[in-house]
Amino acid sequence: MKPMTSLKDIETLKIDGGRLLHSATHEEILSAATTDVYFLRTMDLLKNMNLDNSVVTAEVFARKSGVFCGIEEVKNILKDKDIEMWAVDEGETFEEKETLVRIKGAYRDFGVYETIILGSLASASGWASASKEIKEACQDKTFLCFGARHVHPAVAPVMERAAVVGGATGASCILAAKLMHIDASGTLPHAAMLIAGDTLDIAKVYDQIMPENHKRIVLVDTFKDEVEESIRIASVLKDRLFGIRLDTPSERGGVTPHLVRELRSKLDHAGFHHVKIFVSGGLTPDKIRSLSAAGADSFGVGSYISGASAIDMTMDIKEVSGKAVAKRGRLPGLIDNPKLKKIK
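Residue 94 in numbering that gives the first Met the number 0 sits at position 95 of the sequence shown, with consecutive numbering throughout.
See below:
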């Protein structure tokens, strides 16, 4: 698709009557079809004034601190544009109002992409920042991102990739893992146990058909008391059982520190010191701290990361034709940040 540069381009944008999903395609994003309409109106006005080729320098800053993420997509969005760009490294922490990206070039070459650039950075940085909070709560323990089910599938890989940038050990979303050149991580859902009718029955088959190097982790809260089921599974799988997963629903009180302590104690007394305890289900940093102290070894986190608010990003034009400018309330001219690196 040809990049949109004028309000007239909207008239030529046709929507396929057989379209199956509402999400934008890569081609639609790169053509600026997901931008705010007033940027096309701006381009029409600037063209009329012969100002659309003005060389400007724009800077992006955030409204609050966080972890920077999303710049790889921005680089690809502007890949073929005749611009210069500087940015903070992905995964770097930042403070409120810190300059995160600087773009210099003719306004017509990147102006219509402002909405798209800010959205890419805002969402990814919000998810990465929430993941960092989880990482800090876990300390030296690991956690996986299980958040794909909480967001639109079109952005699930973006979210889970951002979670890994923020500190997650892995991701459950297949496409996200592929994009990061890692293996997707996960155990078994309750659906497997419910259809099989017995956790031990499916655990035996799970053990039989998985590769030798696969870490066998069995979900134990579907039918029986979690401790009873864990001992039952461990007694059959023995050393081949890497861990058990607790995902007790909120209707039964969720996973509590006391449950984790009881399970750890009874596994140890039964001789299953090697069996790890994995916990998932509505986890927050505070819950992770208490469950970790009780003996949990690793965590699966979904909604805390996927439901994190985007970090509000702003793009300001700071120079026009080499002259420092700013709207009221902002400082004119470039705001330096030693963490900025030239990337284009």
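Using N, Cα and C, we set each Cβ at its ideal position, and we do this for glycine too.
Own chain, CB closer than 6 Å to residue i, minus 5 neighbours either side, in chain order
i: A127; result: V66, C68, A161, V164, G165
i: L120; result: G69, M312
i: L45; result: D51
i: V73; result: I116, S119
i: A23; result: T33
i: V324; result: P331
i: A202; result: V217, I232
i: D35; result: T114
i: A269; result: I230
Given residue i as reference, the closest of the options once Cα atoms are compared
i: D267; options: M0, A233, S279; result: A233
i: I287; options: L262, K265, T255; result: T255
i: N47; options: V259, R107, L290; result: R107
i: F222; options: K237, V235, A195, L290; result: A195
i: T98; options: T114, R62, G125, G90; result: R62
i: H149; options: V319, V324, A309, S305; result: S305
i: L178; options: V157, A136, A147, V55; result: V157
i: S53; options: N336, V319, D206, L12; result: V319
i: N75; options: S124, E58, V55, H25; result: H25
i: S171; options: A147, V154, L193; result: A147
i: L20; options: A153, N336, L258, S249; result: A153
i: P248; options: R263, F271, D224; result: D224
i: L174; options: A155, I102, R263; result: A155
i: I181; options: L199, D200, E159, H273; result: E159
i: V259; options: G270, H273, A293, S184; result: A293
Separation of residue j from residue i, as counted between CA atoms
i: R327; j: I316; result: 12 Å
i: G321; j: M3; result: 27 Å
i: R239; j: R215; result: 7 Å
i: A333; j: E132; result: The sequence given here has Leu at residue 333, not Ala. Using only the alpha carbons, I get a separation of about 31 Å.
i: M209; j: L236; result: 13 Å
i: V100; j: L29; result: 19 Å
i: R251; j: H189; result: 15 Å
i: H213; j: D197; result: 22 Å
i: F38; j: D8; result: 12 Å
i: L12; j: G253; result: 50 Å
i: R329; j: H273; result: 58 Å
Beta-carbon proximity list for residue i, same chain, < 7 Å, skipping 5 on both sides
i: E261; result: V226
i: K275; result: F241, G242, D296, S297
i: L282; result: F298, V300, Y303
Any non-hydrogen atom of the ligand NAP within 8 Å of residue i CB
i: R148; result: This structure lacks the ligand NAP; in fact it carries no ligand of any kind.
Contact belief for residue i with residue j at Cβ below 8 Å, rounded distance in angstroms
i: F93; j: S64; result: 6 Å
i: A129; j: A307; result: 4 Å
i: S279; j: F145; result: 6 Å
i: V217; j: R244; result: 7 Å
i: E89; j: E71; result: 6 Å
i: C137; j: S289; result: With a Cβ gap of about 12 Å, C137 and S289 do not count as contacting.
i: D220; j: D246; result: 6 Å
i: I230; j: K265; result: 7 Å
i: M314; j: A57; result: 5 Å
Cutoff 8 Å; reference residue i; Cβ partners in own chain excluding five residues on either side
i: E27; result: M0, T33
i: E91; result: V66, F67, K338
i: D81; result: G104, A105, D108
i: T186; result: I216, V217, L218, R244, F277
i: P284; result: E132, I133, E135, A136, Y303
i: S124; result: A61, G65, V66, F67, C68, G69, A161, A309, I310, M312
i: N336; result: V87, E97, T98, L99
_Three Cβ pairs or more, each shorter than 8 Å: is that satisfied between the stretch 322-341 and the stretch 74-89?_
With a cut-off of 8 Å, the stretch 74-89 and the stretch 322-341 count as touching, because enough Cβ pairs lie within range.
*Would the stretch 133-146 and the stretch 281-301 be scored as touching if the rule is three or more Cβ pairs under 8 Å?*
Result yes; three or more Cβ-Cβ pairs closer than 8 Å.
*Counting Cβ pairs, one atom from each stretch, are 3 or more of them under 8 Å apart for the stretch 95-115 and the stretch 36-45?*
Because the criterion of three Cβ pairs below 8 Å is met, the stretch 95-115 and the stretch 36-45 touch.
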